[in-house]
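When we follow our numbering, the leftmost residue of the sequence shown carries the number 228, and every step to the right adds one. Glycine included, C-beta positions come from ideal geometry on N, C-alpha and C. Keep in mind that this is a model prediction, so the values were computed, not measured.
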Amino acid sequence: MKKICHVVEELRIGGLERTVIQIASGLERSLYSQEIWCLREKGVLAEEAENKGIAVKQFDFQGGISLPKIIKLADELKRGKFQIVHSHDIYPSVWAIAAAAFAGVPYKIMHCQSTYYALPFKDKIKLKLLSLFIDRFIAVSKAVKLSLEKCALISAKKIEVVYNCCARFNRSPEQKVPETLREFGIKEGDFVIASISRLEAHKGHSYLVEALSGLKDVQGLKCLIIGDGPAKRDLELLCESLGVKGEVIFTGMRSDISRILSVASVYVQPSALREGLPLTLAEAASAGLPLIATNIGGNPEIVRDPVNGFIVEPKDPQALAEKILYLRNNPEKRKSMGENSQKLWRESFSEEVMLGKIRKIYE
228 MKKICHVVEE LRIGGLERTV IQIASGLERS LYSQEIWCLR EKGVLAEEAE NKGIAVKQFD
288 FQGGISLPKI IKLADELKRG KFQIVHSHDI YPSVWAIAAA AFAGVPYKIM HCQSTYYALP
348 FKDKIKLKLL SLFIDRFIAV SKAVKLSLEK CALISAKKIE VVYNCCARFN RSPEQKVPET
408 LREFGIKEGD FVIASISRLE AHKGHSYLVE ALSGLKDVQG LKCLIIGDGP AKRDLELLCE
468 SLGVKGEVIF TGMRSDISRI LSVASVYVQP SALREGLPLT LAEAASAGLP LIATNIGGNP
528 EIVRDPVNGF IVEPKDPQAL AEKILYLRNN PEKRKSMGEN SQKLWRESFS EEVMLGKIRK
588 IYE
């Protein structure tokens with residue numbers, strides 16, 4: 228049996244964290260013993276992980292990296308006799324890879340969730356130095372792989388692309404659809420746009436709101452923005468100032484994503500700055516929805532324009548509005564794109580596909 232230690236900052240709500248839990252809970256328990264180590268707090272998803280039988284350890288490290296903290300991690304790795312350290316993103320990787328090197332862990336993996344073009348030059352140098360101690364990089368998209376090659380001069384042979392994936396979408400029972408519509412004040416027959424992510428400026432929701440302001444004359448248009456974050460208040464104020472407060476519904480954090488996607492007509496990912504490959508796009512594809520996303524990071528790898536949706540340039544509300552209106556006015560195209568989304572999910576973005584690739588890397 229192989230012992231694997233996943234290292235994250237914390238198990239907050241996000242695609243990275245959900246992917247860690249998928250890997251730790253999805254692989255055979257008879258072959259792999261896996262733990263998740265949180266450098267800071269456990270986070271809100273820790274309970275979900277523990278309910279699935281995954282050990283979650285909290286270190287409560289505050290402040291910057293230091294040698295005593297790295298030695299503490301190394302001692303814990305030695306005590307646990309781990310054979311693989313699998314770190315997720317840059318900050319946890321600096322700690323985890325250094326500690327694994329001290330502890331003599333034989334195999335070290337860094338899982339990369341975003342492109343690195345926006346990294347300051349000094350951080351790109353750090354990433355290159357860190358790569359000297361890493362045996363394998365996992366990139367969540369071809370775009371992330373390319374950024375590792377260009378920004379940190381990492382050999383392509385050292386990088387494996389493994390798409391973020393999700394489990395099969397469980398459509399909400401028909402009797403629950405009217406209940407969901409009532410909860411959000413949506414009428415049967417309304418055209419419902421869904422967008423899921425942490426509410427931060429670089430996620431681009433402000434451009435989606437601007438797009439909706441250009442569609443105020445379109446009857447029965449509603450937008451569900453699912454998630455929370457520091458940009459929420461600014462987005463609410465923007466909705467008020469643009470006169471779309473009644474059309475945009477902020478649901479906050481939700482655990483019943485499948486229930487919400489069951490009432491959606493289209494899924495929009497309006498990323499403005501950077502993106503690896505959003506897990507939410509895979510979820511929407513598995514739900515059989517047509518997709519609209521910006522030409523950022525790995526988005527075009529799951530949104531195949533014009534097969535299962537449309538790609539628009541970032542920060543272009545007019546282009547977003549045009550594609551939303553097109554899908555609203557063309558139900559047959561919407562249906563065929565949704566079917567293609569589900570087919571693409573089965574072929575490339577299902578949980579089985581992802582776990583199969585991770586299993587090969589661990590072997």
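| Item | Value |
| --- | --- |
| Using the C-alpha atoms, what's the distance from GLU303 back to GLU268? | 17 Å |
| For ASN535 versus ASN567, is the C-beta spacing smaller than 8 Å? | yes |
| Got a sec, what are the start and stop residues for the beta strand (DSSP E) VAL332 sits in? | No beta strand (DSSP E) holds VAL332; DSSP gives it neither H nor E. |
| Is it buried or exposed, PHE396, if we count other Cβ atoms within 10 angstroms and call 16 or more buried? | buried |
| In the structure shown, what three-state DSSP assignment does LYS378 receive? | The amino acid occupying residue 378 in the given sequence is Cys; Lys does not appear at that position. The answer is helix: DSSP assigns CYS378 an H, G or I state. |
| Which residues does DSSP list as the beta-bridge partners of VAL419? | LYS449 |
| Would you kindly report the start and end of the unbroken alpha helix (DSSP H) that includes ARG256? | Looking at the DSSP string, ARG256 is not in any alpha helix (DSSP H), and its letter there is neither H nor E. |
| Evaluate PHE364 with the Cβ neighbour count: other Cβ atoms within 10 Å of its Cβ, from every protein chain shown; 16 or more gives buried, anything less gives exposed. | buried |
| Which one of ALA323, VAL283, SER485, ALA282 has the shortest CA to CA distance from LYS299? | ALA323 |
| Which same chain residues end up closer than 6 Å to ILE585 when comparing Cβ atoms and leaving out the 5 residues on each side of it in sequence? | ILE250 |
| Starting from the C-beta of ALA428, find all residues in its chain whose C-beta is less than 6 Å away, skip the five residues before and the five after it, and write them out in chain order. | ALA458 |
| Which of the three DSSP states, helix, strand or coil, is assigned to GLN496? | strand |
| Using only alpha-carbon positions, find the residue among GLN289, SER422, PHE477, VAL471 that is nearest to ASN410. | Per the sequence shown, residue 410 should be read as Glu rather than Asn. Answer by Cα proximity: PHE477. |
| For the alpha helix (DSSP H) containing THR521, name the first residue and the last one. | That residue, THR521, is in no alpha helix (DSSP H); its beta strand (DSSP E) goes 518-521. |
| So who's on the other strand from SER314, going by DSSP bridges? | VAL234, MET337 |
| Specify, as a first and last residue, the run of the beta strand (DSSP E) that GLU387 falls within. | 386-388 |
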